[in-house]
Each structure stands twice: as C-alpha cells, then as structure tokens.
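To start, the structure itself, in structure tokens.
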Amino acid sequence: MDTPMDGKTGMGDLEFKNILNLNQSKVNNMFRNRFTKYTQLAADIGEEAAFETLMEKYPEQQKLLMGAFINGTTLAKGFQKTIPLLRAAGFTTEIVDIAQNGQDAALEIQRVCPALAIAQEFGLETPCRVICEMEVEGARRAFPDMKASILSKISEGDCACIFKYERPAQTVLSPAVSRPLFIQIFDFLKVVPALCQVGVGIIQKKLLS
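Now the structure itself:
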C-alpha cells in the first residue's frame, strides 16, 4: 500500500495534494524519482546505506497515511478503501481477510507490477528492494505491533505479488455466521461432478492394476 508524500514530510515522491487524484503517470514518476535517488546513493555510499537513507522518513509517511486507512478498523477493511486509488494508479488489487485467533490479518494481492519495467531502465533486475521491501519495512517501523512480509513476487516469476500484514486484533472479530442448511447442500451438489470424476478415476486405476 504505497502512499507517497511531499518533501516536507516524506521522500519527495509525489506532492501530497496529488494523492487524491493519483494516476499511472504520476506513480511512474514517483518510481523513477525513487530509483534515481537510490541508484545515485548506492553508487556513493553503498546499497544498504542508500536503503536506510531513503527509509529515514518513510515510517513517518506510513504512520500518517497508512494509519488513516487502518486505524479503528480491520486491516482488510482499511486496505479495501485504497483499491480505487490503486486502480487509478495502474494496479490490479485484491484484499483477502485472513483474520482469526485474535489476529487481525490481510493479504494484499497485486496482479501487475508497474515498477518492474521502470526498474530495468535503471539497471536493476527487480524493483522489490526500492519499492516493496521499503513498503513493508516502513509498515513495521511505523506500527511496531504489525508483522509485514512479502510472500511472492512477480519479478521472481510468481503469478502475483502477495503481501501479508498481521497485528493483534484491535476490535472484537465477528464470529463466523453459520450458513443455512439449504445453501450448504447446494454448495455440496456443485462439487458432486468432480467427486464422481475422482471415483471413476479410482475405479479405472484399480481395474488396470
């Protein structure tokens, strides 16, 4: 959930006034600005120092803007509010609520990576270190009780980028509501053809053995 801010309170990726009318061109400019800063700093002071330099104000940025979406609600509901903004910026996003056992948790699934081709323009194999790893590390530092991790990466050949965010539940999670019996029966009937196919396969295997 990348949320750029202006130079006064963030990293200078985008002006704060542009957050509400993001588009793909502005986000691409944000990526190029960050890659430019990173590659210049990496050449001067090394990759780790460059990463930490860019991270200096990122937790502050994450706490303010990410917090505006997730404070007082669940992670899934908060992240779902960002989908229209991300869609306008060229992302295809899905949010999956995986909260349980007293943990508020969500998966953020990104089906496209707008930063991949741009990173390659700067001689970087992937954008992950400069974009996604900074994103999750910023979340960890901004919210000490939050776990954030990258589960899969398009840049490494996976079909989607998947991020997992998890923290202790801030509100009482609603218990699962039992589905009416007729709906359960209908759902079961939908899988009968597949079960029959499995049964036929087992019989055929036994006859041939």
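Numbering-wise (our numbering), the sequence shown opens with residue 631 and increments by one. For each residue, glycine too, the CB sits at the ideal point set by N, CA and C. Predicted, not measured: the structure shown is a model, and the values here were computed from it.
Could you tell me the distance, in whole angstroms, from the CA atom of ALA778 to the CA atom of GLY732?
One-based indexing of the sequence shown puts residue 778 at position 148. One-based indexing of the sequence shown puts residue 732 at position 102. Each residue's Cα considered, the two are about 17 Å apart.
Just to confirm, is the Cβ distance from PRO798 to ASP817 under 9 Å?
Here residue 798 corresponds to residue number 168 of the sequence shown, with the count starting at 1. Here residue 817 corresponds to residue number 187 of the sequence shown, with the count starting at 1. No, these two residues do not count as a Cβ contact at 9 Å.
Let me know if LYS656 comes out buried or exposed under the rule of 16 or more other beta-carbons within 10 Å of its beta-carbon.
Mapped onto the sequence shown, residue 656 falls at position 26. By the neighbour-count rule (16 or more Cβ atoms within 10 Å), LYS656 is buried.
For ALA747, the nearest candidate out of ASN659, THR756, GLU678, GLU690 (CA to CA)
As a first step, residue 747 is located in the sequence shown; it is residue number 117 there, counting from the start. Taking only the C-alpha atoms, the option nearest ALA747 is THR756.
Does the separation of the CB atoms of CYS743 and CYS791 fall below 9 Å?
Walking along the sequence shown from the start, residue 743 turns up at place 113. Walking along the sequence shown from the start, residue 791 turns up at place 161. Yes, Cβ-Cβ distance for CYS743 and CYS791 is below 9 Å.
Nearest by alpha-carbon distance to LEU684: which of VAL760, ALA719, ILE713 is it?
By one-based count along the sequence shown, residue 684 stands at place 54. Considering only alpha carbons, the answer is VAL760.
Can you list the alpha helix (DSSP H) stretches of 4 or more residues lying completely in the region 735-782, in chain order?
745-751, 762-772
Where in the region 653-735 do unbroken runs of the beta strand (DSSP E), each at least 3 residues long, occur, reported from the N-terminal end onward?
723-727
Are PHE661 and ALA718 closer than 9 Å when you measure CB to CB?
Here residue 661 is taken as the residue at index 31 of the sequence shown, counted from 1. Here residue 718 is taken as the residue at index 88 of the sequence shown, counted from 1. No, the pair does not count as a contact, with Cβ atoms beyond the cut-off.
Inter-stretch contact at 8 Å, needing at least 3 Cβ pairs: the region 694-710 / the region 666-677
no
Where do the N-terminal and C-terminal ends of the alpha helix (DSSP H) with ILE833 fall, by residue?
Position 203 of the sequence shown holds residue 833. Where ILE833 is concerned, the enclosing alpha helix (DSSP H) stretches over 811-838.
Determine the direct distance from the alpha carbon of VAL821 to that of ILE813, and round the result to whole angstroms.
Locating residue 813 in the sequence shown gives position 183, where the first residue counts as 1. Locating residue 821 in the sequence shown gives position 191, where the first residue counts as 1. Each residue's alpha carbon lies about 13 Å from the other.
Might you give, ordered along the chain, the residues of its own chain that have their beta carbon closer than 7 Å to the beta carbon of GLN800, omitting 5 neighbours on each side?
Position 170 of the sequence shown, counted from the start, is the residue given in the question as residue 800. Here the set comprises ASP734.
DSSP bridge partner residues for CYS840 (one or two, in chain order):
Since the first residue of the chain shown is 631 and the last is 839, residue 840 is not available in this structure.
Which residue's Cα is closest to the Cα of ILE728: ILE815, ALA772, LYS794?
Translated into the one-based positions of the sequence shown, residue 728 becomes position 98. When only C-alpha atoms are compared, the closest one is LYS794.
Please name the residue in GLU690, ALA769, GLU765 whose C-alpha comes closest to that of ARG664.
As a first step, residue 664 is located in the sequence shown; it is residue number 34 there, counting from the start. The shortest C-alpha separation from ARG664 is found at GLU765.
Around the Cβ of GLN740, are there at least 16 other Cβ atoms within 10 angstroms (buried) or fewer (exposed)?
Numbered from 1 along the sequence shown, position 110 holds the residue referred to as residue 740. Classification of GLN740: buried, given that the 10 Å Cβ count is 16 or more.
Please confirm whether PHE709 and GLU738 have their CB atoms less than 9 Å apart.
One-based indexing of the sequence shown puts residue 709 at position 79. One-based indexing of the sequence shown puts residue 738 at position 108. Contact flag set, yes.
Through-space distance from THR712 to GLY697, alpha-carbon basis
Taking the first residue of the sequence shown as position 1, residue 697 is located at position 67. Taking the first residue of the sequence shown as position 1, residue 712 is located at position 82. Distance between the alpha carbons of GLY697 and THR712 is about 12 Å.
Residue nearest to ASN659 in terms of C-alpha spacing, selected from ALA706, GLY768, GLY720, GLY831
Translated into the one-based positions of the sequence shown, residue 659 becomes position 29. Of ALA706, GLY768, GLY720, GLY831, the residue nearest in Cα terms is GLY720.
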